[in-house]
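Some notes on the structure that comes next.
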Amino acid sequence: MSKKERLVIIGGSAAGPSAAARAKRVNPELDVTVFEQGKFVSYGS
Numbered sequence: 854m855s856k857k858e859r860l861v862i863i864g865g866s867a868a869g870p871s872a873a874a875r876a877k878r879v880n881p882e883l884d885v886t887v888f889e890q891g892k893f894v895s896y897g898s
């Protein structure tokens, strides 16, 4: 049984979701989790 690769991103301002999107484009099978302390996550960048 192979383990799925996982990526944890800390921060949901501009760079966090951008890094998550790039990681998924490079490896669509990657399990990406983004943690943000505030109420809102930026997704417009």
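Numbering (my numbering), first residue to last: 854 to 898.
Note that beta-carbon positions come from the ideal geometry of N, C-alpha and C, so glycine has one too.
First through last residue of the beta strand (DSSP E) which encompasses residue i
i, result
"V861", "R859 to I863"
Environment of residue i [buried if 16+ CB atoms lie within 10 Å]
i, result
"R869", "According to the sequence as given, residue 869 is Gly; it is not Arg. Buried, since its Cβ has 16 or more Cβ neighbours within 10 Å."
"G865", "buried"
"A873", "buried"
Which residues DSSP lists as bridging residue i, in chain order
i, result
"F888", "I863"
Host alpha helix (DSSP H) of residue i (start-end)
i, result
"K877", "A868 to V879"
Cβ shell of residue i (< 8 Å), same chain only, five flanking positions each side left out
i, result
"D884", "K857, E858, R859 and L860"
"G891", "G865"
Beta-carbon proximity list for residue i, same chain, < 7 Å, skipping 5 on both sides
i, result
"A876", "L860, L883 and V885"
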